[in-house]
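Visitor: Have a look at this one before I ask anything.
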Amino acid sequence: MIVNKYLIRFLILLTIGIVCTLPTEAYDRQAVDDYANTWWNSCNHTCGTYSSCTPWSYWGSECCGYPSQGGDCANFTSQSVLAGGHSDLNGGLPCRGYPCGREEIGAKNLGDCLVQKGWTRTCGYHQAPPADIQVGDVLVYHTGSCSDSDAHATVVTSVNGTDVRISCHSSNQHDVSYTYLSSSKPYYEWLHYPSNDLCGALSGTLSAGTYTLSCDIYVNSGAPLHIMPGVTLNYNGHSFTVNGELLWGQ
-15 MIVNKYLIRF LILLTIGIVC TLPTEAYDRQ AVDDYANTWW NSCNHTCGTY SSCTPWSYWG
45 SECCGYPSQG GDCANFTSQS VLAGGHSDLN GGLPCRGYPC GREEIGAKNL GDCLVQKGWT
105 RTCGYHQAPP ADIQVGDVLV YHTGSCSDSD AHATVVTSVN GTDVRISCHS SNQHDVSYTY
165 LSSSKPYYEW LHYPSNDLCG ALSGTLSAGT YTLSCDIYVN SGAPLHIMPG VTLNYNGHSF
225 TVNGELLWGQ
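If you count the sequence shown from 1, position 243 lands on 227 in my numbering, and the numbers rise without skipping.
Structural data, given as structure tokens:
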């Protein structure tokens, strides 16, 4: 049996539309920093009951004389993020919105909650700060692994190249180097609010618009031909797919 092969030449039109599925609220990083700078060494809470919302609860031992309830680190970090205009951290696990309806008071849960809200996560042993880390982002430290619940949440309050500094509660720290817990909690989970930087990175590489390309394909004679050209773009865990249309073939 003789099989003939034919060269099929196509002109393909690719229409690219950049669509971003990212958090939609405006995130004011300066407001996050201002809140952390104001409250890092005190509590935004009227002493009485540690779970009362006046306007926030307080879960540490450094303020009001309460016995520690596991520390106030995630609560304080939540408050700082919310001060920047972030949407409430509620809606079901891992975002519990407890006890004031808006915050997450567990450090590991906070990291998982922020990822659920669209933040990007980079974690590893003594993980260096990702290039996109900014003031207003979050760093969660873990003891044994990136999934260890023995964790500590902080907010990024200074970035100068690779010199990244954090602020936190329980214990109270202000603008200390991110490496300050390198021995006791060596797994660093960096959480970045992507804002519009994803769209910017993609549009800087591939702008929305119409593109043409040609391709040569050898096929067996008589074989059915069905071509759906497509391109998939991946960036920091986000996937974008664009499809082409077959315009002409001979």
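Every residue, glycine too, gets a C-beta built ideally from N, C-alpha and C.
Do the stretch 85 to 104 and the stretch 55 to 70 touch if we need at least three Cβ pairs shorter than 8 Å?
Guide: At 8 Å Cβ cutoff, the stretches touch.
Visitor: In the DSSP assignment, the beta strand (DSSP E) including Gln157 goes from what residue to what residue?
Guide: What you label residue 157 is simply residue 173 of the sequence shown in a count that begins at 1. Taken as a continuous stretch (DSSP letters only), the beta strand (DSSP E) holding Gln157 covers 157 to 161.
Visitor: What number of angstroms, rounded off, separates the C-alpha of Cys97 from the C-alpha of Gln118?
Guide: Here residue 97 corresponds to residue number 113 of the sequence shown, with the count starting at 1. Here residue 118 corresponds to residue number 134 of the sequence shown, with the count starting at 1. Distance between the alpha carbons of Cys97 and Gln118 is about 19 Å.
Visitor: Taking all protein chains shown into account, decide if Gln63 is buried (16 or more other Cβ within 10 angstroms of its Cβ) or exposed.
Guide: In the sequence shown, counting from the first residue as 1, residue 63 sits at position 79. Result: buried.
Visitor: Give the secondary structure of Asp96 by DSSP, where H, G and I count as helix, E and B as strand, and everything else as coil.
Guide: Position 112 of the sequence shown holds residue 96. It is helical.
Visitor: On the DSSP bridge list, what partners appear for Leu175?
Guide: Here residue 175 is taken as the residue at index 191 of the sequence shown, counted from 1. Answer is Arg105, Val122.
Visitor: Label Cys79 either buried or exposed according to how many other C-beta atoms from any shown protein chain fall within 10 Å of its C-beta, with 16 as the threshold for buried.
Guide: Here residue 79 is taken as the residue at index 95 of the sequence shown, counted from 1. Classification for Cys79: buried.
Visitor: Please report how far the alpha carbon of Cys84 lies from the alpha carbon of Gly76, in whole angstroms.
Guide: Here residue 84 is taken as the residue at index 100 of the sequence shown, counted from 1. Here residue 76 is taken as the residue at index 92 of the sequence shown, counted from 1. Going by the C-alpha atoms only, they are around 14 Å apart.
Visitor: Please determine, among Lys101, Val143, His126, the residue with the shortest C-alpha to C-alpha distance to Asp116.
Guide: Taking the first residue of the sequence shown as position 1, residue 116 is located at position 132. When each option's Cα is compared against that of Asp116, the closest is Val143.
Visitor: Could you say which of Ala10, Tyr11, Asp18, Asp12 lies nearest to Ile150 if we only look at CA atoms?
Guide: Here residue 150 corresponds to residue number 166 of the sequence shown, with the count starting at 1. The shortest Cα separation from Ile150 among Ala10, Tyr11, Asp18, Asp12 belongs to Asp18.
Visitor: Tell me whether the beta-carbon of Ser41 lies closer than 8 Å to the beta-carbon of Tyr34.
Guide: Locating residue 41 in the sequence shown gives position 57, where the first residue counts as 1. Locating residue 34 in the sequence shown gives position 50, where the first residue counts as 1. Against a cut-off of 8 Å, the Cβ pair of Tyr34 and Ser41 comes out as a contact.
Visitor: Buried or exposed for Ser154, going by 16 or more other Cβ atoms inside 10 Å?
Guide: Position 170 of the sequence shown, counted from the first residue, corresponds to residue 154. It counts as buried.
Visitor: Which residues in the same chain as Trp43 place their Cβ atom closer than 7 Å to its Cβ, once the five residues preceding and following it in sequence are excluded?
Guide: Walking along the sequence shown from the start, residue 43 turns up at place 59. Counting only Cβ-Cβ distances below 7 Å, and skipping sequence neighbours, we find Tyr34, Gln53, Gly54, Gly55, Asp56, Asn59, Ile89.
Visitor: According to the neighbour-count rule (16 or more other Cβ atoms, all chains shown, within 10 Å of its Cβ), is Gly95 buried or exposed?
Guide: Here residue 95 refers to the residue found at position 111 when the sequence shown is read from its first residue. Its Cβ being crowded by 16 or more others within 10 Å, Gly95 is buried.
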